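Number 322 in UniProt numbering belongs to position 322 of the sequence shown; there are no gaps in the numbering.
In this text, a Cβ means the ideal position worked out from N, Cα and C, and glycines have one as well.
Because the structure is a prediction, the values reported are computed rather than measured.
Worksheet: the structure to be examined is printed underneath.
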Amino acid sequence: MDTGFTVEQLRAAATDAVRAPSLHNTQPWRFRLRDGGIEVLVDPARRLPATDPNGWGVRIACGAALFNLRLSLAAAGTPAKVRLRPYPAEPDVVARLVPDVPRRPTPAEQALHAAIPRRFSNRAPFWPDPVPADARWRLAEAARAEQCWLELLVGVSAVNAFAEIARSAHRVLERSPEYRAERQEWVRATPATDGIPAASGGPQGEPQDLLPSRGFGGLNRAPGRDFEPEPLVAVLGSPGNTAVDQVVAGQALQRVLLTATDSGLSVSMLSQPIEVPSAREQLRLSLGRFGTPQMVMRVGYGQPGWPTPRREVDEVLDLAVVRS
1 MDTGFTVEQL RAAATDAVRA PSLHNTQPWR FRLRDGGIEV LVDPARRLPA
51 TDPNGWGVRI ACGAALFNLR LSLAAAGTPA KVRLRPYPAE PDVVARLVPD
101 VPRRPTPAEQ ALHAAIPRRF SNRAPFWPDP VPADARWRLA EAARAEQCWL
151 ELLVGVSAVN AFAEIARSAH RVLERSPEYR AERQEWVRAT PATDGIPAAS
201 GGPQGEPQDL LPSRGFGGLN RAPGRDFEPE PLVAVLGSPG NTAVDQVVAG
251 QALQRVLLTA TDSGLSVSML SQPIEVPSAR EQLRLSLGRF GTPQMVMRVG
301 YGQPGWPTPR REVDEVLDLA VVRS
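Following this line, the structure appears as structure tokens:
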């Protein structure tokens with residue numbers, strides 16, 4: 001008989017869920033325990049109207065948090081059944097999880113769960129060491145396990161073609177004063193529980209860089225020095241582009257990121273070509289893939305970076321009808 005999740009199980013799972021990535025580290029999620037189940041909700045107060053006017057980034061972030069929630073519960077031996085967008089009248093409820101049949105976690109679940117506190121975006125240049133074929137295969141399989149696809153751009157011509165799309169999208173975004181102001185609002189010069197600390201922003205971009213960077217207040221580099229001449233670029237895509245597809249893509253993104261972490265890889269995200277509709281369509285056509293690109297990642301080996309801060313679990317928990 002289903003007796004529901006306990007408050008203790010929810011708190012432990014939510015502690016892992018809040019480690020998910022989000023645009024500008026806005027952490028646009030809440031978690032609610034109701035009628036023995038756990039629900040993932042959008043936090044409307046943390047939307048980015050200039051950067052993410054249609055809510056794509058919020059749904060990706062909530063999907064990533066949902067994957068961490070699923071993984072945490074499975075690693076504890078209390079896996080969940082998941083229903084996406086369960087209430088048509090409540091579109092801000094991203095998912096509802098209820099207890100499934102208890103079982104022991106798999107080694108893969110344990111490994112990915114252990115990677116949660118070690119995963120964070122690394123915006124510094126990566127080393128020139130190539131990512132081996134078996135690690136690339138693991139990343140692609142991680143996306144496939146969540147009903148998405150991962151296209152790895154290999155070779156100078158493919159990366160250069162993508163870089164042109166990405167730089168063009170970056171220029172479009174930077175022309176918006178609202179976009180620039182909104183980004184600056186989330187840069188943190190002093191300790192905070194959200195946003196991007198200046199120390200985690202990575203070095204400032206230079207005109208000769210192959211790929212664009214946001215410019216979160218990082219250190220300046222020596223003029224003329226390349227940031228990274230031959231990055232490995234990965235494009236994550238989903239079959240469609242509905243709200244549900246975007247939540248699914250968020251789960252796939254987090255599985256890919258945790259798989260990369262477990263493989264000793266560093267990742268940072270390049271969402272500019274996704275945020276500009278014309279650039280996203282250009283990217284889709286250049287790949288020749290069925291479906292919609294949902295995120296772009298830069299993957300490689302690098303020095304340890306700095307994790308971004310997170311809010312306390314009590315700030316994101318809403319307890320309704322509680323079963324202890």
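Taking DSSP's pairing of strands, which residues face residue i in a bridge?
{"i": "Pro197", "result": "Arg188"}
{"i": "Leu232", "result": "Val299"}
{"i": "Ala80", "result": "Pro99"}
Measure the Cβ-Cβ separation of residue i and residue j and say whether it is below 7 Å.
{"i": "Pro79", "j": "Asp100", "result": "yes"}
{"i": "Leu253", "j": "Val131", "result": "no"}
{"i": "Leu66", "j": "Ile38", "result": "no"}
{"i": "Ala111", "j": "Asp16", "result": "no"}
{"i": "Ala13", "j": "Leu84", "result": "no"}
{"i": "Cys62", "j": "Val40", "result": "yes"}
{"i": "Ser166", "j": "Leu211", "result": "One point to set straight first is that residue 166 is Ala, not Ser, in the sequence displayed. Result yes, Cβ atoms of Ala166 and Leu211 sit closer than 7 Å."}
{"i": "Pro197", "j": "Arg188", "result": "yes"}
Return the first residue and the last residue of the alpha helix (DSSP H) that residue i is part of.
{"i": "Gln303", "result": "Taken as a continuous stretch (DSSP letters only), Gln303 belongs to no alpha helix (DSSP H), as it is neither H nor E."}
{"i": "Arg70", "result": "56 to 75"}
{"i": "Ser266", "result": "Segment 266 to 269 is the beta strand (DSSP E) holding Ser266; no alpha helix (DSSP H) there."}
Tell me where the beta strand (DSSP E) around residue i begins and ends.
{"i": "Arg30", "result": "29 to 34"}
{"i": "Asp16", "result": "Careful: Asp16 lies outside any beta strand (DSSP E), inside the alpha helix (DSSP H) at 7 to 17."}
{"i": "Val40", "result": "37 to 42"}
{"i": "Asp318", "result": "317 to 319"}
{"i": "Val313", "result": "No beta strand (DSSP E) contains Val313, which DSSP labels as neither H nor E."}
Hey, is residue i close to the ligand ADP, as in C-beta under 6 Å from one of its heavy atoms?
{"i": "Leu236", "result": "You won't find the ligand ADP in this model; it holds no ligand whatsoever."}
For a minimum of 4 consecutive residues, which ranges assigned as the alpha helix (DSSP H) are wholly contained in the region 93 to 179? 107 to 115, 133 to 145, 156 to 174
Is the region 263 to 280 close to the region 293 to 313, with three or more CB pairs under 8 Å? yes
Contained alpha helix (DSSP H) runs [length at least 4] in the region 237 to 300, N- to C-terminal order: DSSP runs (the alpha helix (DSSP H)) wholly in the region 237 to 300: 243 to 262, 272 to 275, 277 to 287.
For the region 271 to 285 against the region 304 to 318, are there 3 or more C-beta pairs whose distance is under 8 Å? No, they do not touch.
Closer than 8 Å is the cut-off here; do at least three beta carbon pairs connect the region 149 to 156 with the region 232 to 252? Using a C-beta cut-off of 8 Å, the region 149 to 156 makes contact with the region 232 to 252, since at least three inter-stretch Cβ pairs fall below that distance.
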